[in-house]
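Position 710 of the sequence shown, counting from 1, maps to 713 under the working numbering, and the rest follow consecutively.
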Amino acid sequence: MRAKLVLSGLLLAAPALLAGDPGLSSKVVPLLVIQPDSVLVGAGFDTRVIAAADVDGDGDEDVLLANFEQESVFFRNDRRAGLHALAFEAAPFAPGPTFDAAFGDVDGDGDLDLALAMGHGQDNQLWMHVPVSRSQGGLRFEAAPSGALAGDGADSFAVSFADLSGDGLPALIVANKGAPNAVYLNQGGQLQRLSDAALDADAEPSRDVAAGDLDGDGDLELVFANSNDLANVVYFDQGGLQGGEQGHYQRLSGDPLADDVGASNGLALGDLNGDGFLDVVIANRQGQLNRMYAGDGAGHFALDPTQAPNQHGGDSYDAVIGDLDQDGAQDLLIVNRDSPSVLFMNRDGRLLPVPSGPLPALSGDARSGVLIDLEQDGLMDIVVANTGGASNLVLAGALRAQGTLPLSAAVAGASGSVRAYSDVRPGHERELLRVRVEGLAPGQELTLFAGLPGQAADVLVGQLKPRKPTGSYQWLSDTRKGHELPLGVSTLPMLAHGPLELRAGSEVLLSGRVPLYGEFSERRASAYLVRPLTDLFGDTRGRVRISSDASRQVERMQVRADELAPGLAGDLRLWLGDRGQLLDQGPLLPRHDRAEWRVNTRKGDLLPLGAADVFALAGRELIVRAGARSVLSGCVPEFAPNSGVSRGVAELHAAGSPEARGRVYLRRRANVGDEQWQLSIWKLELAAAPRLVIETAPGSEVFAFAADLEPGKHPGRWELRRRRRKGQPLPLEALSVADLAGRGLQIRDAQGLALLVGVVPAVQ
């Protein structure tokens, strides 16, 4: 089953799009920030499906791009440095007509294996996950024996894993066109195909498949979406309520879901109306209306014509169900190929369409995608698979977002920029559009004209005001100051890519366009390096910094080590990871009490490892060595979608010490990779230092020792400060303060008595 979330010319920032509808405005929908520099963007030009799962078992989801004409690519997700591709030797997926992909633990060893649905009569593929050492990449995929998943000369359009036997081992279901659909039961780690008679021997043109308990008896039913104006098919397991043998299936008939015919291409199961029972959404092509069938939990379905999805149609390729705004209710996206996709937000069981507005169309032929929290920040991101030679698309969820683009000047010496900014945090709501220019003659009367996307800049929106230094001017629209947005729009994304002109009389002095969120002419990112051997190298600190300026076509990278021990500056060399090995990139040059390694393509330097830009280096391991000893280590950073500062504060409550008080303060600056942890305790008189313990996982009630607190400046004061910028590890060696959010913490005395208790806050 293709469980994805895809946008095609629909949505770049949802909250304000909801503002005009009183039924939607009470919920906060995260902003979606375009990520043109993500490693997923350029990794495929004909990607049919994106599959996501925690394959390496580190708590975050990894990503597979299943490509049709290229080899498919697997990306590991590292919270410190984002996504990085597994070497082809570890994931040797040859180019081929891949239509779908699914992860499941076939052999029961605790590791997720991979199934690929292949077209053009090729056999489907099963790849087994083989753990290997970290130096070899941490994991590897090995092909199962040839013929393990025979294709029968069909086009296999979808694969899905599900526990059909109730034994904890996933079976594999395959939707075929040109051959009967197939079910492979898992017999002790081996997939064995049921006879065609178990379902129907007819070779129906099935395009998608999903499994779910439709009648509430504990076993799973199968739903196939059929094209060519044939009826969709629902197979009920004859065990449970049916009183027959589990694993035997009978086709549903005499029901609106089973009797409806169409050019169906995708489907999704989920409880959309909030009654606790699975509903079925069918995505239809060729201009037919899509269908949402409400299930009653007993195997019967009804079409509610008042639900908005039943009133929309187009060339719909897929239906995606997921909780986009994290309010506990399932939302829906219908993915359309040749028209804008439609997002439906769930409000008390009613699905309300989000008006797209005059947003700029995104290029590409979107077919599939996935809703995933790539950065483990609690906000959903969207990755879109595009075909037909278009790049993939990544949209990152954020509560605050901005974009900045330069203005083109028709006057020598003049320059300018336009900035768009939104904040959707409750109590901090704000939208700001600002135009600044400089280098013009003082005392001019300058006016700003704008237009909606695709139109001319022929509407006067305001006059610029002079500002310092002389020759500089500014125009500002800020909802926090009571301003209304220009052109009568309710949200800035409705202006994205709309034209702007700055005029003196009728003469156009500067021109440009409103940026998308996440769109910048120059992007910068930094990450602080940690010290593996603090006992040998004292207070050594380090930082890796990258920048990319598209307008000037300049790429820069710098690695710096500070506060070096005497004699160490001349012995340092930089090493970068490449395909499981470390390669020497040359020495760090001494500069006073620090040493630096840097490249600047404007000066004719070449980026390391033959990279065309710094984006291609993101996620690679980085080590600074003195001889054979590691002094600093880290990863090349990715550009953060939100460069602002996030904070979290939580008060501690008295347990065994009623007079004591405490507070946890967290600070995270995404664009420089800096993380701070500060714990302060006062009115706690103890002879021995109290101890901090933190839950190993939220709600586990299993605590691990984190650190002894240090005495403060005044009696009764204790504190614990950690900052990655200074090379200090966070409590429990966490990669980010966000990894600790939601975990219980306690301050204990030497005997283990809890004196103060609390919960690590989330950063916002």
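Heads up, the beta-carbon is just placed ideally off N, CA and C, and yes, glycines get one too.
Below 6 angstroms CB to CB, which residues in the same chain sit around Ala-614 once its five sequence neighbours on both sides are set aside? Leu-620
Classify Lys-716: buried if its beta carbon has 16 or more other beta carbons within 10 angstroms, exposed otherwise. exposed
In the structure shown, what three-state DSSP assignment does Val-2 receive? Any question about residue 2 goes unanswered here, given that the chain covers just 4 to 767.
Going along the chain, which residues of its own chain have a beta-carbon closer than 6 angstroms to the beta-carbon of Arg-582, five neighbours each way excluded? Ala-90
Compute the distance between the beta-carbons of Asn-189 and Ala-213, then report whether it is under 7 angstroms. no
Please list the terminal residues of the continuous beta strand (DSSP E) segment that includes Ala-332. Here Ala-332 belongs to no beta strand (DSSP E), and DSSP marks it neither H nor E.
Which full runs of the alpha helix (DSSP H) of 4+ residues lie inside the segment 258-318, going along the chain? If we require 4 residues or more, the alpha helix (DSSP H) runs fully inside the segment 258-318 come out as 259-262.
6 angstroms Cβ shell around Arg-746 - same chain, five flanking residues per side excluded: Exclusion of the five residues before and after Arg-746 leaves Ile-697, Glu-698, Pro-701 and Val-763 as the residues of its chain whose Cβ lies within less than 6 angstroms of its Cβ.
Coil, strand or helix - Leu-175 by DSSP: strand
Going by Cα to Cα distance, which pick from Phe-618, Leu-635 and Asp-616 is closest to Ala-598? Leu-635
Whose C-alpha, out of Leu-167, Asp-211 and Ala-55, is nearest the C-alpha of Asn-184? Closest option to Asn-184, Cα to Cα, is Asp-211.
Out of Gly-761, Arg-196 and Phe-77, which has the shortest C-alpha to C-alpha gap to Leu-748? Gly-761
Compare the beta carbon distance of Tyr-424 and Leu-34 with 7 angstroms and say whether it is the shorter of the two. The beta carbons of Tyr-424 and Leu-34 sit no closer together than 7 angstroms.
Measuring CB atoms only, is the segment 675-688 touching the segment 558-570, in the sense that at least three cross pairs come out at less than 8 angstroms? no
Which partner residues of Asn-189 appear in the DSSP bridge assignment? Answer is Leu-194.
Close-in-space but distant-in-sequence residues of the same chain around Arg-666 (CB under 6 angstroms, 5 per side omitted): Glu-654 and Ser-683
Thr-407 - DSSP class collapsed to helix/strand/coil: strand
If you draw a straight line from the alpha carbon of Leu-117 to that of Leu-129, how long is it in whole angstroms? Leu-117 and Leu-129 have their C-alpha atoms some 6 angstroms from each other.
Residues near Val-652 by beta carbon distance below 8 angstroms, same chain, minus five either side: These residues qualify, in order along the chain: Arg-666, Val-667, Tyr-668, Leu-669 and Pro-764.
List, from N- to C-terminal side, the beta strand (DSSP E) runs of 3 residues or more that fit wholly inside the segment 686-754. 694-698, 706-711, 721-726 and 747-751
Can you list, in chain order, the residues of its chain with a C-beta nearer than 6 angstroms to that of Val-338? Leave out the 5 residues immediately preceding and following it. Val-9, Tyr-320, Asp-321 and Ser-344
Beta-carbon proximity list for Glu-145, same chain, < 8 angstroms, skipping 5 on both sides: Non-local C-beta neighbours of Glu-145 in its own chain, meaning closer than 8 angstroms and more than five positions away in sequence, comprise Trp-130, Met-131 and Val-133, ordered along the chain.
Does DSSP put Arg-210 in a helix, in a strand, or in coil? strand
C-alpha gap between Glu-522 and Val-52, whole angstroms: 25 angstroms
Tell me whether the beta-carbon of Leu-327 lies closer than 7 angstroms to the beta-carbon of Tyr-252. no
Please determine if the segment 423-440 and the segment 401-408 are in contact, where contact requires at least 3 C-beta pairs separated by less than 8 angstroms. yes
Residues in its own chain within less than 6 angstroms of Val-562 by CB, not counting five upstream and five downstream? Val-547, Leu-577 and Trp-600
Entirely within the segment 560-643 and at least 3 residues each: give me those beta strand (DSSP E) ranges in chain order. 575-581, 584-590, 592-594, 597-603, 624-629 and 632-638
Measuring alpha carbon to alpha carbon, tell me which of Gly-589, His-595 and Phe-160 ends up nearest Val-602. Gly-589
Among residues of its own chain, excluding the 5 on either side of Ile-324, which ones have a beta-carbon nearer than 6 angstroms to its beta-carbon? Contacts found: Ala-271, Gly-273, Gln-333 and Leu-335.
Once the 5 residues before and after Gln-379 are set aside, which same chain residues still bring their CB inside 8 angstroms of it? Excluding sequence neighbours, Gln-379 sits near Gly-62, Asp-63, Arg-82, Ser-739, Ala-741 and Asp-742.
Go ahead and label Phe-708 buried or exposed: buried means 16 or more other beta carbons lie within 10 angstroms of its beta carbon, across all protein chains shown. exposed
Own chain partners of Asp-216 with C-beta closer than 8 angstroms, once the 5 adjacent residues on each side are dropped: Asp-222, Leu-223, Glu-224 and Leu-281
Should Ser-551 and Val-492 be called a contact, given that it needs their Cβ atoms to be closer than 7 angstroms? no
Using 8 angstroms for Cβ pairs, my map puts Val-58 next to Phe-106. What's the rounded Cβ distance? Under the criterion of beta carbons closer than 8 angstroms, Val-58 and Phe-106 qualify as touching, at roughly 7 angstroms.
Taking buried to mean at least 16 other C-beta atoms within 10 Å of its own C-beta, is Gln-193 buried or exposed? exposed
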